[in-house]
Amino acid sequence: MLHVADIQEHKEAYIKALKKRNFEAVELFDKVLELDEKRRTTQAQLDNTLAESNKLSKEIGNLYKSGEAKKASILKERTGNLKEDSKNLQETLNIAVVELDTLLYTIPNIPQESVPAGTSADDNEEVFRLGEVPVLAEGALPHWELAKKYDIIDFELGNKITGAGFPVYKGKGARLQRALITYFLDKNIEAGYTEYQVPLMVNEMSGFGTGQLPDKEGQMYHVTNDDLYLIPTSEVPVTNMFRDVLLEEKDLPIACTAYTPCFRREAGSYGAHVRGLNRLHQFEKVEIVRIEQPENSNTALEGMVDHIKEILNELKLPYRILRLCGGDLGFTASLTYDFEVFSTAQDRWLEISSVSNFKTFQANRLKLRIKDKQGNKRLAHTLNGSSLALPRVLAGILENYQAEDHIKIPEVLIPYCGLERIDLA
RNA sequence: GGAGAAAUGGCAGAGUGGUCGAAUGCGGCAGUCUUGAAAACUGUUGAGGGUCACACCUCCGGGGGUUCGAAUCCCUCUUUCUCCGCCA
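Going by the working numbering, the letters in the first sequence line up with residues 17 to 441, in that order.
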């Protein structure tokens, strides 16, 4: 969420930037500043009332000690009113704070200068493309048919034991996916990321810290008995490790990587685009998360993009990178690059990674700050990205590496996989 | 799941109704000494709000209560530890 002081300072620039998201902020900002003013004046009144009441209490204590009980009981009567006042002021304050916060939760992050204006995915800006889109031989199959042909992913079996969107990976399919996970983690560790294994369920505070709650509640599976949420991405538990943390400059940058399954309800998704591995309720993902000094965060973002490029180059998959336009930018992001791998058989691009700089938007909710040598504190910048989302990478490999009677394993994965190809059973 | 104990600053650990935002030790920071370092000594060192800056307010696991006044008493929730049971 945005910081009120920043809204005050950069109001006009923020209003202009939010227009790129087609978000009208003028009235909201006015209301925010008004509520903040109210918050501060009420707080001041409350503080004064409490100060007076503290003073009286001290006097009463002294009077009792010197044996002047009568004088004390006279003073006691005055505390009653103060108590009433402070109770009312506290209530007014609480209401103002809740109203202010509720409003702030509805305001998305400020898009950066480089974010193009736009209303939909069509307005995203392609910033990189590797080579030409390949053309497959006649009779090339989409990955869901390959999965069946080589008996490596069973969608029906998942249907039976859970429901749609929960596939079962089998034999060499399972092995290939496991190889990819290990390969991704190794690449990340090599690049300086520390590996974590984190809980797959999080509490409400964590969902709130990274911005899934309150507004994206319907996208997460909620375990109501224990009031826990299944993670939609490891970003949530990993970033929340740093909730309520005051870092020192020497601790930075922080770079974490984690492999987890991810769970998404995907309410409202339907149609041909959810076929096969394209969109699942449970999928595997390796994530990278960074915490940076504000002045380094955009450089760090470029570094993450380069890192993911390297992985895709090694896998020799056709891909492109998009800079998301204002209309397609996620609520919490200030700048996002999407990586898409080309699904040759489907003739469409599949998103396999999304790399974002959140600047202080998450840190403000998380209360994640940095203290410098002089003791000054400021909010950290958080970033994250997928490296990578497994099912669609898998789909890309199956489709792009298919031959008539086998699927080749990408060279870089052979040592991880212990296989050179997937043959007909 | 049952029984008991506990939760205090970066850490350890005092504090059982007012003089406590909190002793003491360790750690951190600054300085003295030293060619430099270590040791020793001196000072300093929690967080949030508020203010131009002070003042002032809030915070001793979370929430509620008693009281003129709560780290301290009461209720409740959470977490941790010990013992028993169960268990990958």
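Cβ atoms here follow ideal geometry from the backbone N, Cα and C, with glycine treated the same way.
Could you compute how far the alpha carbon of residue i sits from the alpha carbon of residue j?
i: residue 355; j: residue 20; result: 33 Å
i: residue 372; j: residue 95; result: 54 Å
i: residue 332; j: residue 146; result: 9 Å
i: residue 74; j: residue 84; result: 14 Å
i: residue 166; j: residue 423; result: 9 Å
i: residue 200; j: residue 413; result: 15 Å
i: residue 434; j: residue 188; result: 10 Å
i: residue 211; j: residue 274; result: 6 Å
i: residue 402; j: residue 316; result: 15 Å
i: residue 57; j: residue 35; result: 32 Å
i: residue 41; j: residue 108; result: 26 Å
i: residue 62; j: residue 385; result: 28 Å
i: residue 236; j: residue 88; result: 58 Å
i: residue 208; j: residue 324; result: 13 Å
i: residue 26; j: residue 150; result: 47 Å
i: residue 53; j: residue 111; result: 13 Å
i: residue 127; j: residue 359; result: 30 Å
i: residue 264; j: residue 257; result: 16 Å
i: residue 260; j: residue 338; result: 33 Å
i: residue 92; j: residue 114; result: 33 Å
i: residue 121; j: residue 48; result: 11 Å
i: residue 202; j: residue 116; result: 44 Å
i: residue 55; j: residue 219; result: 29 Å
i: residue 8; j: residue 320; result: In the structure as shown, the chain begins at 17 and stops at 441. Residue 8 is therefore absent and cannot be evaluated.
i: residue 125; j: residue 352; result: 12 Å
Name the DSSP bridge partner or partners of residue i?
i: residue 304; result: 273 and 401
i: residue 438; result: 423
i: residue 93; result: According to DSSP, which records beta bridges pairwise, residue 93 is partnered with nothing at all.
i: residue 261; result: 384
i: residue 244; result: 239
i: residue 145; result: 336
i: residue 366; result: 357
i: residue 442; result: Any answer about residue 442 is impossible in this case: the structure gives the chain only from 17 up to 441.
i: residue 218; result: 245
i: residue 170; result: 184
i: residue 418; result: 423
Please classify residue i as buried or exposed, where buried requires at least 16 neighbouring CB atoms within 10 angstroms.
i: residue 304; result: buried
i: residue 322; result: exposed
i: residue 144; result: exposed
i: residue 70; result: exposed
i: residue 383; result: exposed
i: residue 80; result: exposed
i: residue 17; result: buried
i: residue 82; result: exposed
i: residue 292; result: buried
i: residue 393; result: exposed
i: residue 262; result: exposed
i: residue 222; result: buried
i: residue 343; result: buried
i: residue 408; result: buried
i: residue 490; result: No information on residue 490 is available, as it lies outside the stretch 17 to 441 that the chain covers here.
i: residue 205; result: exposed
i: residue 440; result: exposed
How would you write the range of the beta strand (DSSP E) that residue i sits in, first residue to last?
i: residue 422; result: 422-424
i: residue 394; result: 393-395
Under the three-state reduction of DSSP, which class applies to residue i: helix, strand or coil?
i: residue 373; result: strand
i: residue 154; result: coil
i: residue 309; result: coil
i: residue 348; result: coil
i: residue 213; result: coil
i: residue 100; result: helix
i: residue 252; result: helix
i: residue 22; result: helix
i: residue 184; result: strand
i: residue 378; result: helix
i: residue 279; result: strand
i: residue 299; result: strand
i: residue 106; result: helix
i: residue 193; result: helix
i: residue 84; result: coil
i: residue 38; result: coil
i: residue 33; result: helix
i: residue 315; result: helix
i: residue 442; result: Since the displayed the chain opens at 17 and closes at 441, residue 442 lies outside it and no answer follows.
i: residue 291; result: coil
Tell me the residue span of the alpha helix (DSSP H) that contains residue i.
i: residue 17; result: Careful: residue 17 lies outside any alpha helix (DSSP H) and carries neither H nor E.
i: residue 42; result: 42-81
i: residue 161; result: 159-165
i: residue 430; result: 430-433
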